[in-house]
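Counting in our numbering, the sequence shown runs from 3 upward without gaps. Yeah, the Cβ is synthetic: ideal placement off N, Cα and C, and Gly gets one too.
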Amino acid sequence: MSDIWFLYLVLAAFPALLLFAIVYKYVEVAQAARWPSTQGRVVVSKAQAREVDAGGPSSSDTETRNFAKIVYEYSLGGRVYRGDRVSIGEDTGNFQVAETLARYPVGTVVTVYYNPRKRAQAVLEREAPPGMWRTATIVALVLVGVIVAAVVGFRKLGEFVAALVPNPAQAPFVTACIGFALLATFVISGIGRHASAMRRWPTVPGRIESVDVRAFQTTSTSGGRKRRVTRYRPNVVYSYEVAGLRYTGDKVGILGRFSSNIPALVQPRGRAPRDAVKIHYNPENPAESILDPRPGVHRMLWLIPATVLAIAWLAAR
Numbered sequence: 003m004s005d006i007w008f009l010y011l012v013l014a015a016f017p018a019l020l021l022f023a024i025v026y027k028y029v030e031v032a033q034a035a036r037w038p039s040t041q042g043r044v045v046v047s048k049a050q051a052r053e054v055d056a057g058g059p060s061s062s063d064t065e066t067r068n069f070a071k072i073v074y075e076y077s078l079g080g081r082v083y084r085g086d087r088v089s090i091g092e093d094t095g096n097f098q099v100a101e102t103l104a105r106y107p108v109g110t111v112v113t114v115y116y117n118p119r120k121r122a123q124a125v126l127e128r129e130a131p132p133g134m135w136r137t138a139t140i141v142a143l144v145l146v147g148v149i150v151a152a153v154v155g156f157r158k159l160g161e162f163v164a165a166l167v168p169n170p171a172q173a174p175f176v177t178a179c180i181g182f183a184l185l186a187t188f189v190i191s192g193i194g195r196h197a198s199a200m201r202r203w204p205t206v207p208g209r210i211e212s213v214d215v216r217a218f219q220t221t222s223t224s225g226g227r228k229r230r231v232t233r234y235r236p237n238v239v240y241s242y243e244v245a246g247l248r249y250t251g252d253k254v255g256i257l258g259r260f261s262s263n264i265p266a267l268v269q270p271r272g273r274a275p276r277d278a279v280k281i282h283y284n285p286e287n288p289a290e291s292i293l294d295p296r297p298g299v300h301r302m303l304w305l306i307p308a309t310v311l312a313i314a315w316l317a318a319r
């Protein structure tokens, strides 16, 4: 059942890594709970757009996200320190920007928790990130579900499939295909629900800030060898304002970005800097936005599980 075990590893990899990150964050929270405190003052409080990594370790691509830039000063032993970390949780951007700025306007006196061994390391909030324990519970349940499926579920499914298909020797492969198709269906359904929600988001006037073609490096594997290749993608950056805060975004369509190794194929058309546009934004998180939420190519994703099931059907004959 090697195909099945490969499927188990694929299903378990992400929740296992996420659970490890949660445990690591819990250790940080436990350590910060023992840090001493001192008084400080907020000296910078503003929304800031930054380019952050978007392609993981195999790509140099970036995307634009909004952050609450909070800088505070505090004194220890006659020396003035500056910190910009608000909480123990990692700020990946586009999260509670307005709420954080409202909590820490310029001039606010704050309690600063600092590392006694590294006094320049400090935070304003040392509690566990919101939702961490709920996420940990969900991830743990997913891992348990994968383990139970590995021990009982997929084995039984494999036996059931073997009794149905004309070629029982292909039952493990067919079962793995069915499992992958079910997983793909779950993911694509989630994308569809999110796309439907985005089309109902409110809109505000915005402006195109820049239009160009962005080059980035990515890792390609060919013949068992890895090499770095250059790819290109359209890069459209826009700005908009919600409740007095200026935000920046670069998400154009529902599926995000597409790229090519030929620059001419990804040349943005129909938009130019300073063009007035209508921006759709998430009312629960205004830092999240999209320029064009119309349904389109994401519906083609349903071809993935359909193709996998077709391959399974051919293999079972």
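Beta bridge counterpart(s) of His282 as assigned by DSSP: The residue you call residue 282 lines up with position 280 of the sequence shown. Answer by DSSP bridge pairing, in chain order: Thr205 and Ile292.
message: Once DSSP output is grouped into helix, strand and coil, what is the label at Ala245?
response: The sequence position of residue 245 within the sequence shown is 243, counting from 1. Note: Ala245 maps to coil in three-state DSSP.
query: With which residues is Arg233 paired in a DSSP beta bridge?
result: Numbered from 1 along the sequence shown, position 231 holds the residue referred to as residue 233. Bridge partners of Arg233: Phe218.
- prompt: Would DSSP call Met3 helix, strand or coil?
  reply: Walking along the sequence shown from the start, residue 3 turns up at place 1. Caution is warranted here: a pLDDT of 47 is assigned to Met3, below 50, making its placement in the model unreliable, and the coordinate value is therefore given only provisionally. Three-state result, Met3: coil.
- prompt: Quick one: is Tyr26 buried, meaning 16 or more other Cβ sit within 10 Å of its Cβ, or exposed?
  reply: Taking the sequence shown and counting its residues from 1, the one referred to as residue 26 is at position 24. It counts as exposed.
message: Would Val31 and Arg87 qualify as a contact pair, given that the criterion is a beta-carbon distance under 8 Å?
response: Counting from one through the sequence shown, the residue named residue 31 turns up at place 29. Counting from one through the sequence shown, the residue named residue 87 turns up at place 85. It is not a contact, given that the beta carbons lie outside the stated cut-off.
message: Ile306 and Tyr240 - do their beta-carbons sit closer together than 8 Å?
response: Locating residue 240 in the sequence shown gives position 238, where the first residue counts as 1. Locating residue 306 in the sequence shown gives position 304, where the first residue counts as 1. Against a cut-off of 8 Å, the Cβ pair of Ile306 and Tyr240 comes out as no contact.
CB contact flag (Arg276, Arg216, <8 Å): For the purposes of this step, residue 276 is taken as the residue at position 274 of the sequence shown. For the purposes of this step, residue 216 is taken as the residue at position 214 of the sequence shown. Not a contact, by the Cβ cut-off of 8 Å.
message: For a test of the three-state rule: what should DSSP assign to Thr110, helix, strand or coil?
response: In the sequence shown, the residue the question calls residue 110 occupies position 108. Here Thr110 sits in coil by DSSP.
field: Arg248 versus Glu65, Arg235, Arg233 and Pro288, residue with shortest Cα-Cα distance
entry: On the sequence shown, position 246 is the one that residue 248 refers to. When only C-alpha atoms are compared, the closest one is Pro288.
- request: With DSSP collapsed to three states, give me the class of Ser60.
  value: As a first step, residue 60 must be located in the sequence shown, where it is residue number 58. DSSP places Ser60 in helix when its eight states are reduced to three.
message: Under 8 Å: do the segment 179–190 and the segment 254–273 share three or more Cβ pairs, one atom per stretch?
response: no
message: Looking only at its chain, what residues have a beta carbon closer than 7 Å to the beta carbon of Gln172, apart from the 5 residues adjacent to it on each side?
response: Start at 1 with the first residue of the sequence shown, and residue 172 comes out as number 170. So the qualifying residues of the chain are Ala317 and Ala318.
- request: Whole angstroms is fine: what's the gap from Tyr28's alpha carbon to Ala278's?
  value: Position 26 of the sequence shown holds residue 28. Position 276 of the sequence shown holds residue 278. Taking the straight line from one Cα to the other gives about 45 Å.
Residues bridged to Lys320 [DSSP beta-bridge criterion]: Residue 320 is absent from the model: the chain starts at 3 and stops at 319.
- prompt: When you compare only the Cα positions, how much space is there between Phe22 and Tyr76?
  reply: Taking the first residue of the sequence shown as position 1, residue 22 is located at position 20. Taking the first residue of the sequence shown as position 1, residue 76 is located at position 74. Cα-Cα distance, rounded: 33 Å.
- request: Using the Cα positions of Pro116 and Thr232, report the straight-line distance between them to the nearest angstrom.
  value: Here residue 116 refers to the residue found at position 114 when the sequence shown is read from its first residue. Here residue 232 refers to the residue found at position 230 when the sequence shown is read from its first residue. Here the sequence assigns Tyr to residue 116, which means Pro is not the residue at that position. When rounded, the distance between both Cα atoms is 43 Å.
- prompt: Who are the Cβ neighbours of Glu42 in its own chain at under 7 Å, not counting the five residues just before and after it?
  reply: Against the sequence shown, residue 42 aligns to sequence position 40. The sequence given here places Gly at residue 42; Glu does not occur at that position. The residues are Tyr74, Glu75, Tyr76, Val112 and Val114.
- prompt: Alpha carbon to alpha carbon, how far is Trp304 from Ala122?
  reply: As a working note, residue 304 is residue 302 in the sequence shown. As a working note, residue 122 is residue 120 in the sequence shown. About 51 Å.
field: Same chain only: Cβ atoms within 6 Å of Ala70, ignoring 5 sequence neighbours per side
entry: Within the sequence shown, residue 70 is the residue found at index 68, counting from 1. Cβ neighbours of Ala70 beyond the five flanking positions: Val99, Thr102 and Leu103.
query: For Glu290, is the classification buried or exposed, using 16 other Cβ atoms within 10 angstroms of its Cβ as the cut-off for buried?
result: Stepping through the sequence shown from its first residue, residue 290 is reached at position 288. That one is buried.
- request: Give me whichever residues DSSP pairs with Glu53 in a beta bridge.
  value: Taking the first residue of the sequence shown as position 1, residue 53 is located at position 51. DSSP, once it has assigned bridges, lists Thr66 as partnering Glu53.
- request: Specify, as a first and last residue, the run of the alpha helix (DSSP H) that Val82 falls within.
  value: Within the sequence shown, residue 82 is the residue found at index 80, counting from 1. Looking at the DSSP string, Val82 is not in any alpha helix (DSSP H); the run it does join, the beta strand (DSSP E), is Arg81 to Gly85.
field: Reduced DSSP secondary structure (H/G/I, E/B, other) of Arg301
entry: If you number the sequence shown from 1, residue 301 lands on position 299. Helix.
field: Close Cβ partners of Glu129 (< 8 Å) along its chain, the five nearest in sequence each way excluded
entry: The residue labelled residue 129 in the question sits at position 127 within the sequence shown. Val31, Ser89 and Ile90, listed in sequence order.
message: Which residues does DSSP list as the beta-bridge partners of Val238?
response: Reading the sequence shown from its first residue, position 236 is the one you call residue 238. In DSSP, Val238 forms a bridge with Val213.
task: Would you please state the rounded distance, in angstroms, between the beta carbons of Ile65 and Asp214? I believe it to be under 8 Å.
output: Counting from 1 along the sequence shown, the entry for residue 65 is found at position 63. Counting from 1 along the sequence shown, the entry for residue 214 is found at position 212. What sits at residue 65 in the sequence shown is Glu, not Ile. Not really, about 14 Å apart at Cβ, beyond 8 Å.
- request: Could you check what DSSP says for Ala308 in three-state terms: helix, strand or coil?
  value: For the purposes of this step, residue 308 is taken as the residue at position 306 of the sequence shown. Correct three-state label for Ala308: helix.
message: So for Gln41, helix, strand or coil by DSSP?
response: Along the sequence shown, one-based indexing puts residue 41 at 39. Strand, per DSSP.
- prompt: Taking all protein chains shown into account, do 16 or more other C-beta atoms lie within 10 angstroms of the C-beta of Leu293, making it buried, or fewer, making it exposed?
  reply: By one-based count along the sequence shown, residue 293 stands at place 291. It is buried - the Cβ of Leu293 has at least 16 other Cβ atoms within 10 Å.
query: With burial defined as no fewer than 16 other Cβ atoms inside 10 Å of the residue's Cβ, what is the status of Gly79: buried or exposed?
result: Numbered from its first residue, the sequence shown carries residue 79 at position 77. Per the 10 Å Cβ criterion, exposed.
query: Secondary structure at Glu127, three-state DSSP: helix, strand or coil?
result: The count along the sequence shown starts at 1 and reaches residue 127 at position 125. Three-state result, Glu127: strand.
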